[in-house]
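Chains as they are written, first to last, in the numbering used here: chain A, 811 to 1005; chain B, 811 to 1005.
Number of protein chains: 2
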Amino acid sequence: MGVVTPPKTPKQDRSRATRQRLLEAAVACLAEHGWAGSTVSVVAERAGVSRGAAQHHFPTREDLFTAAVEYVAEQRSFALRALDRSDRRHVVSALVGLYTGPLFRAALHLWVAAANEPQLHARVIELEAKVGRESHRIAVELLGADESVPGVRETVQGLLDMARGLGLANLLTDDAARRERVVAQWAVLLDEALR
Amino acid sequence: MGVVTPPKTPKQDRSRATRQRLLEAAVACLAEHGWAGSTVSVVAERAGVSRGAAQHHFPTREDLFTAAVEYVAEQRSFALRALDRSDRRHVVSALVGLYTGPLFRAALHLWVAAANEPQLHARVIELEAKVGRESHRIAVELLGADESVPGVRETVQGLLDMARGLGLANLLTDDAARRERVVAQWAVLLDEALR
């Protein structure tokens, strides 16, 4: 028997929708303008929300941007669950795709800012660990990897590190053509490694 | 018969030494304080050079920091030439090492700043291409990889992308223990892939 959730009031629905708009606008803003150009005001305006309403949901700039990267990362991971797992190249390409869009660009700006901003540092370390664990879990599931076999855990970790590196290589130029060739080759190598 | 270089005057030697001190101080400053905290004045002070002398060598902030990353990257690549190539794990570890020290941290700050600073953008793209080509060349040489074999080029590229991803994972926390395990496993995969 499931837990019965009380029906949401229109006010709760509106509040939830506002929150989501803010989170999505925050990731887009960070990806486009970097940390220096991303404030609660800029995001509120982009989301069509008053500054007061934005601050009600997210009292500080750090609250807003860490919550935004976490939320969008969850959405992206969740979307991967429906993926067809029969084609390994397709799976590797989708995993690498987690690191080549606006989400990774936003996360990268946040990571790098955290290196020099004490008020971000601890929160981003926590966020990185959480998002990293979830990406690893999804990768193991999609690749059908058996982590009880020695080396398999590190094979999957290395693949996700490679995906992160490919994301970095895509920051200033469109690296899609080279990336597809690397993905194709490493999908073959992974097939052998995970057999 | 070699070309005879005229002997350097003490003044030229001093100028060259000043330039090197500035370049090394610039990389250290960028690695520690990020782009926002790195100016020609801060670097001049760190190097013990007057601001005027620093600007004589590097008229703009962009000149100084792109030259610094290029210089230190060249030094690091050059140092790898003497490496013992018989142990693949040792070679992979050394290549990954190119991406986990202050040089990579400095380069990362410059890459990310370039995403939002038009006056840096084109210069960092050029720098990235140059440093990337050199890292690839060194990797091929150290791994004894035969790029005429289909797939080998992409295998080496993927390894360097992984190294870049491992560098990123080391930005906020000390990731050395996990990194060593990934390097050990991927050295094994490379052995099979390059055989």
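Beta carbons: idealized from backbone N, C-alpha and C, even for Gly.
This one's a predicted model, so the numbers in the text were calculated from it and none came from an experiment.
The beta-carbon of R974(B) is placed less than 9 Å from the nearest beta-carbon of chain A. Interface annotation, I948(A): not in contact with chain B, CB-CB separation never under 9 Å. Spanning the alpha carbons of D894(B) and M972(B) requires a straight line of approximately 22 Å.
The alpha-carbon separation between A836(A) and P928(B) amounts to approximately 22 Å. For a Cβ distance threshold of 9 Å, residue set R988, R991, V992, V993, A994, Q995 and W996 of chain A lies close to E964(B), ordered along the chain.
When DSSP states are grouped into helix, strand and coil, P820(B) belongs to the helix group. In the structure shown, the three-state DSSP call for R963(B) is helix.
If you draw a straight line from the Cα of V959(A) to the Cα of V902(B), it comes to about 23 Å. Annotated three-state conformation of D897(A) is coil, per DSSP. Contact annotation for T983(A) against chain B: I935, E938 and A939 [CB-CB distance below 9 Å, chain order]. When the Cα atoms are used, R824(A) and V993(A) turn out to be separated by approximately 42 Å.
The beta carbons of L978(A) and W845(B) sit no closer together than 9 Å. Counted as a single uninterrupted DSSP element, the alpha helix (DSSP H) harbouring V882(A) occupies residues R871 to L890. For E927(A), there is no enclosing alpha helix (DSSP H), since its DSSP letter is neither H nor E.
Contact between C839(B) and R826(B) does not hold, since the beta-carbon distance rounds to 20 Å and is not under 8 Å. Proximity of the stretch 859-868 of chain A to the stretch 941-949 of chain A falls short of the contact definition, fewer than three beta-carbon pairs being nearer than 8 Å. The C-beta distance from V950(B) to V934(B) rounds to 24 Å, too long to fall under 8 Å, and the pair is not in contact.
Those residues of the stretch 881-913 of chain A placed with their C-beta closer than 8 Å to a C-beta in chain B do not exist.
Taking the Cβ atoms as the reference, S848(A) lies roughly 12 Å from A854(A), outside the contact range of under 8 Å. E1002(B) is positioned such that its CB atom lies closer than 9 Å to that of E1002(A). CA-CA distance, L976(B) to V906(B), rounds to 8 Å. Distance from the CA of L833(A) to the CA of A986(B), rounded to the nearest whole angstrom, comes to 33 Å. At least one CB of chain B lies nearer than 9 Å to the CB of V922(A). Here R974(B) is buried. Its C-beta has 16 or more other C-beta atoms within 10 Å.
Within the same chain, and ignoring the five residues on either side of A883(A) in sequence, the residues whose Cβ sits closer than 6 Å to its Cβ are V941.
Nearest to F914(B) by alpha-carbon distance, out of A877(B), L981(B) and L999(B), is L981(B). Q822(B) and E880(B) have their C-alpha atoms roughly 21 Å apart. In the three-state reduction of the DSSP assignment, W845(A) falls in the coil class, being assigned neither a helical nor a strand state. Neighbours of D1001(A) across chain B, judged by C-beta separation under 9 Å, do not exist; the nearest C-beta is about 11 Å away. Following the DSSP letters along the chain, one finds S851(B) inside the alpha helix (DSSP H) bounded by residues V850 to A857. When the alpha-carbon of D984(A) is set against those of T910(A), A889(A) and A917(A), the nearest one is in T910(A).
Each of K818(B), A997(B) and Q830(B) was checked against the Cα of L953(B), and the nearest Cα belongs to A997(B). Residue environment: T870(B) is assigned as exposed (fewer than 16 neighbouring CB atoms within 10 Å of its CB, all protein chains considered).
By the 16-neighbour rule on beta-carbons within 10 angstroms, G968(B) is buried.
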